[in-house]
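Below: one structure, written as structure tokens.
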Amino acid sequence: MEELTAHLKRFRTRLRIIEGWEQLQKGLWLAIAVSVGIQLLGRFLPIESLWFWTALFPVTWLAVAVCYHLSKPYSLLKTARRVDIDLSLFERLSTCLVLPEHGGLFPPALVSAQAQDALQSARAVNIKPAYPFRFNRSSWVKTAITSGVVFVLVFLPNPMDEIIAGRKAIVEEAQKQAQEIEELQGKVEEAVELDPEQRQEIERLLTELAEKLNLNPGDLDQALADLSRVEREIESYGIPNAGLQAANLKSLLEQLNSLSGSAPDPGEELASQVDKALDELLQKQEQLDASERRTLSSSLAQMAAQASQSGNMQLARSLSELSQAIQSGDQQSMENSSQRTAQAVAQTQRSLQAQSRLSEILSSLQSSSQALAQSGRLAAQGPPFPNSQGQVSGGGGTNAPILPPGTSQRQASSPQGNKPFGGEDDLDTQGNTPRQEGNFVGDELFIPGIDTDQGSTQVRPGENAAPGLSNPSLVPYDQAYYSYLNAAMQSLSQDYIPENLTNYVQQYFLLLEPQ
879 MEELTAHLKR
889 FRTRLRIIEG
899 WEQLQKGLWL
909 AIAVSVGIQL
919 LGRFLPIESL
929 WFWTALFPVT
939 WLAVAVCYHL
949 SKPYSLLKTA
959 RRVDIDLSLF
969 ERLSTCLVLP
979 EHGGLFPPAL
989 VSAQAQDALQ
999 SARAVNIKPA
1009 YPFRFNRSSW
1019 VKTAITSGVV
1029 FVLVFLPNPM
1039 DEIIAGRKAI
1049 VEEAQKQAQE
1059 IEELQGKVEE
1069 AVELDPEQRQ
1079 EIERLLTELA
1089 EKLNLNPGDL
1099 DQALADLSRV
1109 EREIESYGIP
1119 NAGLQAANLK
1129 SLLEQLNSLS
1139 GSAPDPGEEL
1149 ASQVDKALDE
1159 LLQKQEQLDA
1169 SERRTLSSSL
1179 AQMAAQASQS
1189 GNMQLARSLS
1199 ELSQAIQSGD
1209 QQSMENSSQR
1219 TAQAVAQTQR
1229 SLQAQSRLSE
1239 ILSSLQSSSQ
1249 ALAQSGRLAA
1259 QGPPFPNSQG
1269 QVSGGGGTNA
1279 PILPPGTSQR
1289 QASSPQGNKP
1299 FGGEDDLDTQ
1309 GNTPRQEGNF
1319 VGDELFIPGI
1329 DTDQGSTQVR
1339 PGENAAPGLS
1349 NPSLVPYDQA
1359 YYSYLNAAMQ
1369 SLSQDYIPEN
1379 LTNYVQQYFL
1389 LLEPQ
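Using our numbering, you'd call the opening residue of the sequence shown number 879 and step up by one each time.
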């Protein structure tokens, strides 16, 4: 009985292999057909690692088919019945397994004889010829066709490859910009010009932005939207008219130095210079008469108006109070207003320093946006397509140093192509001169009315001349100047401009300032 069991186990292994082989042949072309569908889908949708998804289903089908048939339950009785049917053994093997269970119903001699007969039948079975590997021709034809389609689709150019490459480029650029933003975050931590609350909020915004850029899957619009949102939130901490206020502070210092007679000190801070100029101005005003006081008060009132136009209401209020105090002659009010003016200037200078730091942060974010947009444009353009000679396709033309000879029998007339440039005289002959037959004098073309006095000139003066405008300009220069100054400073504050160009524009308007 043990020998028969060993034979049945050998038969079972062979049956599992054969059944797995048959199932593999029948279903392999279906798995490859799924790969064809994936390749076709990859022509319309950008699917990353298309090779992997194409090979996944056939390989998975092979692994599942082999593992399932090698590990599925297969009893010895089922094996015996299958072999009895396939090899026409008339149920010898299966009967040998069933009779011992009903030994009391049959004589022992019969059971023993049947077992010997089954064992002899099992020994006589040559399992390999009995269960050979058969090839299903129709299945293999389908497999070959689907495999050929897959290979053709794999090696054909895929328009989605450029999109995938563009996404990868955007991902790499986004990660690069995320690293730069992390470095920028370290600079923000060291920015003492910013308020602690603003600095903490900006650090939080930059941290979130770096995380989003690191996790960006290649979506350029989303990356630019994240950067734009952070830029808007950081801009909300700035001064609306920072450039105009900076120009106003410089103008204020120059006017105070002019009124007080003090010399500017470039090495000293602007707030200290303004404080010193105000002290000298208060000392000087004690020696002024009533008319000179009114002139000084009017100048300070004009400075207050300029500060108000720049949006610095605190400085405008303190200058207005100082103007009223000088006009009234109240010494205590003068000193208090002078201190408040110096404090307003110092506060404005600190705000401008913070604005300068914010401008640097915004400039870095704008550079990141430009780098991402540039990577997106380069990815969208793709590489140039070479022509058959390996050169980039261009317009019609030739690279030959000499043109081929012409085939026309007519002789070329002027202009002479190889005549060197002779100077101004050549320019005089390059006008649009009409060509006509005859009327030649020597080598020159004679046209009456041009080279001689035979022509005539007619002049028809108008009867009613335009009256013109005799009135002066209706817009005062002061108003026009400050309108242009306000517009220029607003433009400088909206975008990041290099400091040297900003100073150039401010100096230009200072030279045009009305006296």
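No residue lacks a Cβ here, since even glycine has one placed at the ideal position from N, Cα and C.
As the structure is a computational prediction, the values presented were derived from the model and not from experiment.
Short Cβ contact (8 Å threshold) for residue i with residue j
i            : j            : result
residue 1032 : residue 917  : yes
residue 1048 : residue 1254 : yes
residue 1128 : residue 1388 : yes
residue 1105 : residue 1242 : no
residue 1081 : residue 1053 : no
residue 975  : residue 954  : yes
residue 1188 : residue 1233 : no
residue 910  : residue 1019 : no
residue 903  : residue 1036 : no
residue 1181 : residue 1159 : no
residue 1134 : residue 1152 : yes
residue 898  : residue 939  : no
residue 1119 : residue 1185 : no
residue 997  : residue 882  : yes
Residue i (DSSP reduced to helix, strand or coil)
i            : result
residue 921  : coil
residue 1045 : helix
residue 886  : helix
residue 1034 : coil
residue 1095 : coil
residue 971  : helix
residue 881  : helix
residue 1140 : coil
residue 936  : helix
residue 1072 : coil
residue 1387 : helix
residue 950  : coil
residue 1167 : coil
residue 1003 : coil
residue 984  : coil
residue 927  : coil
residue 1392 : coil
residue 966  : coil
residue 1079 : helix
residue 1012 : coil
residue 1017 : helix
residue 1023 : helix
Straight-line Cα distance separating residue j from residue i
i            : j            : result
residue 1224 : residue 1170 : 28 Å
residue 929  : residue 935  : 11 Å
residue 847  : residue 1045 : This structure cannot speak to residue 847, because the chain is shown only from 879 to 1393.
residue 1108 : residue 1240 : 9 Å
residue 932  : residue 920  : 10 Å
residue 880  : residue 908  : 43 Å
residue 1251 : residue 914  : 35 Å
residue 889  : residue 1039 : 51 Å
residue 1268 : residue 1101 : Summary for residue 1268: the model assigns pLDDT 39, below 50, so the residue's position carries little reliability, and this model does not support an answer.
residue 1131 : residue 1385 : 13 Å
residue 1022 : residue 912  : 14 Å
residue 1219 : residue 1391 : 22 Å
residue 1245 : residue 1211 : 50 Å
residue 1383 : residue 1362 : 12 Å
residue 967  : residue 950  : 25 Å
residue 1086 : residue 1148 : 37 Å
residue 992  : residue 970  : 7 Å
residue 999  : residue 1030 : 53 Å
residue 1179 : residue 1067 : 41 Å
residue 1265 : residue 1034 : Legend: pLDDT at residue 1265 = 41, less than 50; position of this residue unreliable, value from coordinates given subsequently. Cα-Cα distance, rounded: 18 Å.
residue 1110 : residue 1140 : 43 Å
residue 1002 : residue 952  : 22 Å
residue 1098 : residue 1216 : 54 Å
residue 1327 : residue 1380 : Its pLDDT being 48, under 50, residue 1327 is placed unreliably by the model, and nothing is read from it.
residue 957  : residue 947  : 14 Å
residue 1077 : residue 1069 : 8 Å
residue 986  : residue 1017 : 51 Å
CB contact below 8 Å: residue i versus chain B
i            : result
residue 1023 : No chain B is present in this structure, which holds just one protein chain.
Cβ contact check for the region 1184-1204 and the region 1081-1091: 3 or more pairs under 8 Å: no
What are the uninterrupted segments assigned as alpha helix (DSSP H) that are 4 or more residues long and contained completely in the region 1177-1239, given in chain order? 1191-1206
Determine, using beta-carbon pairs with one atom in the region 1203-1214 and one in the region 1156-1175, whether at least three such pairs fall under 8 Å. yes
Touch test, the region 995-1015 against the region 890-899, Cβ-Cβ under 8 Å, three pairs minimum: yes
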